[in-house]
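Numbering (our numbering), first residue to last: 9 to 268. The beta carbon of each residue, even a glycine, is placed where N, CA and C say it ideally should be. Below is one structure, written out as structure tokens; comments come after it.
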């Protein structure tokens, strides 16, 4: 039986709150076995952009990234946020290794082509762009890779890539060697049937139910790319996908996504 690998993605308000981030990382440190952390930082990056007089632009949770925005998000994601998380994990006894996609050529992306929208310096990734062998070496050495949302194209160009997508692609790329569990962690207890009712957690979602929830508007905005990536991961062989509260990793309340 393959070794279990748990891939966690964290973002949203948890990243912006030092106390909550510390609580999440404490819970993460309690998770035994091989693990990978992928982090976003969108709200903090948006605030930094606004402070510098640059208006953040997002379409369905995806950031439009011009040259100025790319410089800021690279500093924020790959610098301040990534290294702070690595330092906190080291304090908790987790031997974390901070990475962008350029480090070790571990995730190579392609710049998104211009169609209806010009997303600028945004990278699309696939399993073929993941250096699974190098990641396996890191994991076997007892390291916990910590990925920010910056990738590269192999030609010297950094690219901004959705962190949910990175987590999903990593899960798919490593599913041949590991029994992968993909965990999307944020400030809610799971996917809510009613956004105004924190207790309305949907315990299980099938692809059919997901389409109905999208059509009704119950699931919209940033949750759409999150669940699109989750179902793509399931279809590609990932064992389990979980949407859960970042502060309650070791508790039973959560949403589990199912193939049928």
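80 is the residue among 49, 68, 80, 48 whose C-alpha sits nearest the C-alpha of residue 62. Here DSSP, grouped into helix, strand and coil, assigns residue 205 to coil.
Positions of the alpha helix (DSSP H) runs, each at least 4 residues long and wholly inside the region 34-71, are given as 50-59 in order along the chain. Remark: three or more beta-carbon pairs, one from each stretch, lie closer than 8 Å, so the region 167-184 and the region 130-148 are flagged as touching.
The DSSP-derived three-state label of residue 226 is coil. Residue 93 sits buried, since 16 or more C-beta atoms from the chains shown fall within 10 Å of its C-beta. Judged by their CB atoms, residue 97 and residue 152 are nearer to each other than the 8 Å cut-off. Between residue 107 and residue 114, the gap from beta carbon to beta carbon is short of 8 Å. Beyond the five residues adjoining it in sequence on each side, residue 21 comes within less than 6 Å, by CB distance, of 195 in the same chain, given in chain order.
In terms of Cβ geometry, residue 23 and residue 89 form a close pair [threshold 8 Å]. Ranked by how close their Cα comes to the Cα of residue 11, the residues 55, 41, 197, 120 have 41 in first place. Burial is judged here by how many other beta carbons sit within 10 angstroms of a residue's own beta carbon; residue 266 has fewer than 16 and is exposed. Judged by DSSP secondary structure, residue 104 falls within the beta strand (DSSP E) whose first and last residues are 104-107.
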